[in-house]
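Student: Below: one structure in structure tokens.
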């Protein structure tokens, strides 16, 4: 598999040279492919869609205090205006390839490739807009000598981007429902679902529910629409969307390996550890040993965000991503969308609709699904779920309980930051990082310098990083 991934990534480099459009490139090499192979695009875009979940999660995990930097006053911890231009580049590079794949699929009459490309475009758009808000989309991917705006593209509002993403998901599902595709997906080139069209439709519906759930502050929020989408999504952990093939190490495993070699990485936040080790809720969450290891003191200790490490960083005085942990062991899959997430979205939707029994049942199902995913043994799972602090009954279920459990289940996933913002960071004992540069919690990131220098006329003004995005208002 590693050899296959290396071949795919070599092909990705070729696609970057052939797939990007620039009307100033007037010289044509007759020996160079002018049309990228559609299955090569499928391989590169499915790989990078999964990897972009890691790239964005590696930013946002510090904002939600899943992770903490071992360095004092690290920019990612204290809400400094860090330039996340590399993540911007990777998202837009992948969306450019997806744009090409959509056009090529239409030209070849391949509804299968078209539907999958539209679904992945929506997923990448969501990741980008949930970081930056307004972003270029409608004129972002084609350079034209007759339309100068395509060289310095205008920004679409976040509301417009969300509408576009939801339409892409509906269109993608419709394409995958067709039975007359001229081409079929090659399982080896689809690195997320192995060419399984039903799996892609389930994932599209889950992503649709995720997006609609972000409307929780808006008058257009509709719990029924969310639950309808979920009814066509996942029914078990076996449906989860994951990336399992990597060039070398899976990225969170690489963080654990780096830390084991004294290149400090993957440190758990005190906030996250306290939410699981009994400090905040009076009971040990049995999932914690499947994420990290005990310290040399025989307990679990996180690092306060902004404060930095206490010791040398090499002697197990604090908790790090474990070489044996579910998320960071060798070959650990990258979680793109999961059944546990689906159940917590359902719990929130039922709660907001006033259906407390259904909300409670979905909440418990979400906990159980995540424990099963991590491999928690049945007796430990039952003991936790049956604890009075968890098994509160339908009359006592609260949004805080749902969001607390979802916070744990979405460990390292960028969706956790969307939840934190919608929930106003109201997790138990959740505080600002030490030395925070804002008076309140971070709500967005700054536009990258590549945009402010090259497309400054169109970049929206950002007052500060606690400025709320459209769906957060």
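Numbering (my numbering), first residue to last: 250 to 722.
Ideal Cβ positions, reconstructed from N, Cα and C, are used throughout, including at glycine.
(1) Can you say whether residue 710 is buried or exposed, counting buried as having 16 or more other CB atoms within 10 angstroms of its CB?
(2) When the distance is taken between beta carbons, is residue 432 closer than 8 Å to residue 449?
(3) Keeping to the same chain, check which residues put their C-beta closer than 8 Å to that of residue 664; ignore five residues upstream and five downstream.
(4) Which parts of the stretch 605-651 are runs of the alpha helix (DSSP H), unbroken and 4 residues or longer, counting only runs that do not cross its ends?
(5) Which value, in whole angstroms, describes the spacing of the CA atoms of residue 511 and residue 562?
(6) Looking only at C-alpha atoms, which of 621, 295, 688 and 463 sits nearest to residue 672?
(7) Using the rule of at least 16 other Cβ atoms within 10 Å of the residue's Cβ for burial, across every protein chain shown, is residue 546 buried or exposed?
(8) Rounded to whole angstroms, what's the CA-CA distance from residue 455 to residue 560? Just pull it up for me.
(9) Comparing C-alpha positions only, which one of 632, 601 and 593 sits nearest to residue 657?
(10) Thinking just about the alpha-carbon of each residue, which of 519, 532 and 491 is nearest to the one in residue 576?
(11) Using beta-carbon positions only, say whether residue 388 and residue 406 come within less than 8 Å of one another.
(12) Measuring only the C-alpha atoms, how far is residue 581 from residue 296?
(13) Between which two residues does the alpha helix (DSSP H) carrying residue 675 extend?
(14) When you compare only the Cα positions, how much space is there between residue 704 and residue 409?
(15) To which residues does DSSP link residue 584 through a beta bridge?
(16) Could you pull out every residue in the same chain whose Cβ sits closer than 6 Å to the Cβ of residue 720, ignoring the five residues on either side in sequence?
(17) On a Cα-Cα basis, can you pick out the residue from 412, 603 and 588 that is closest to residue 613?
(18) The alpha helix (DSSP H) that contains residue 376, what's its start and end?
(19) Which same chain residues end up closer than 6 Å to residue 683 when comparing Cβ atoms and leaving out the 5 residues on each side of it in sequence?
(20) Name the one or two DSSP bridge partners that residue 541 has.
(21) When we look at the beta-carbon of residue 323 and count the other beta-carbons within 10 Å, is it buried (16 or more) or exposed?
(22) In terms of residues, what are the limits of the alpha helix (DSSP H) holding residue 287?
(23) Please identify the residue among 617, 595 and 616 whose C-alpha is closest to the C-alpha of residue 607.
(24) Got a sec, what are the start and stop residues for the alpha helix (DSSP H) residue 404 sits in?
(25) Between residue 321 and the ligand SAH, is there a pair consisting of the residue's CB and a ligand heavy atom that are separated by less than 7 Å?
(26) In terms of residue numbering, what span does the alpha helix (DSSP H) encompassing residue 475 cover?
Tutor: So, to answer that:
(1) As a first step, residue 710 is located in the chain shown; it is residue number 461 there, counting from the start. Result: exposed.
(2) Mapped onto the chain shown, residue 449 falls at position 200. Mapped onto the chain shown, residue 432 falls at position 183. Taking 8 Å as the Cβ cut-off, residue 449 and residue 432 do not qualify as a contacting pair.
(3) Counting from one through the chain shown, the residue named residue 664 turns up at place 415. Cβ-Cβ distances below 8 Å link residue 664 to 459 and 590 in the same chain, with the five nearest sequence neighbours on each side left out; the list follows chain order.
(4) Unbroken alpha helix (DSSP H) runs of no fewer than 4 residues, entirely contained in the stretch 605-651, are found at 605-623 and 627-635, following chain order.
(5) Here residue 511 refers to the residue found at position 262 of the chain shown. Here residue 562 refers to the residue found at position 313 of the chain shown. The alpha-carbon separation between residue 511 and residue 562 amounts to approximately 7 Å.
(6) Translated into the one-based positions of the chain shown, residue 672 becomes position 423. Taking only the C-alpha atoms, the option nearest residue 672 is 463.
(7) Working through the chain shown from its first residue, we reach residue 546 at position 297. Here residue 546 is exposed: its Cβ has fewer than 16 other Cβ atoms, across all protein chains shown, within 10 Å.
(8) Against the chain shown, residue 455 aligns to sequence position 206. Against the chain shown, residue 560 aligns to sequence position 311. If I take the Cα positions, the gap works out to 43 Å.
(9) Position 408 of the chain shown, counting from 1, holds the residue named residue 657. Residue 593 is the option with its Cα nearest to residue 657.
(10) Translated into the one-based positions of the chain shown, residue 576 becomes position 327. Residue 576 has its Cα closest to that of 491, out of 519, 532 and 491.
(11) Here residue 388 is taken as the residue at index 139 of the chain shown, counted from 1. Here residue 406 is taken as the residue at index 157 of the chain shown, counted from 1. Note that the C-beta distance between residue 388 and residue 406 is not below 8 Å.
(12) Walking along the chain shown from the start, residue 581 turns up at place 332. Walking along the chain shown from the start, residue 296 turns up at place 47. Taken atom to atom, the span from the alpha-carbon of residue 581 to that of residue 296 is near 15 Å.
(13) Within the chain shown, residue 675 is the residue found at index 426, counting from 1. Taken as a continuous stretch (DSSP letters only), residue 675 belongs to no alpha helix (DSSP H), as it is neither H nor E.
(14) Here residue 704 is taken as the residue at index 455 of the chain shown, counted from 1. Here residue 409 is taken as the residue at index 160 of the chain shown, counted from 1. About 20 Å.
(15) Position 335 of the chain shown, counting from 1, holds the residue named residue 584. In DSSP, residue 584 forms a bridge with 491.
(16) Here residue 720 is taken as the residue at index 471 of the chain shown, counted from 1. Here the set comprises 463.
(17) Translated into positions along the chain shown, residue 613 becomes position 364. Of 412, 603 and 588, the residue nearest in Cα terms is 588.
(18) Locating residue 376 in the chain shown gives position 127, counting from the first residue. That run of the alpha helix (DSSP H) goes 360-381.
(19) Your numbering for residue 683 matches position 434 in the chain shown. Beyond the five residues adjoining it in sequence on each side, residue 683 comes within less than 6 Å, by CB distance, of 553, 555 and 556 in the same chain, given in chain order.
(20) Locating residue 541 in the chain shown gives position 292, where the first residue counts as 1. Residue 541 is bridged to 570.
(21) Reading the chain shown from its first residue, position 74 is the one you call residue 323. Of the residues assessed, residue 323 falls on the buried side of the cut-off, its CB having 16 or more other CB atoms within 10 angstroms.
(22) Here residue 287 corresponds to residue number 38 of the chain shown, with the count starting at 1. Start and end: 287-312.
(23) Against the chain shown, residue 607 aligns to sequence position 358. The residue with the shortest Cα to Cα distance from residue 607 is 595.
(24) Start at 1 with the first residue of the chain shown, and residue 404 comes out as number 155. Secondary structure note for residue 404: it is in no alpha helix (DSSP H), with a DSSP letter that is neither H nor E.
(25) Absence of the ligand SAH is noted for the structure shown, with no ligands found whatsoever.
(26) Taking the first residue of the chain shown as 1, we reach residue 475 at position 226. In the DSSP annotation of this structure, the continuous segment of the alpha helix (DSSP H) that includes residue 475 starts and ends at 472-480.
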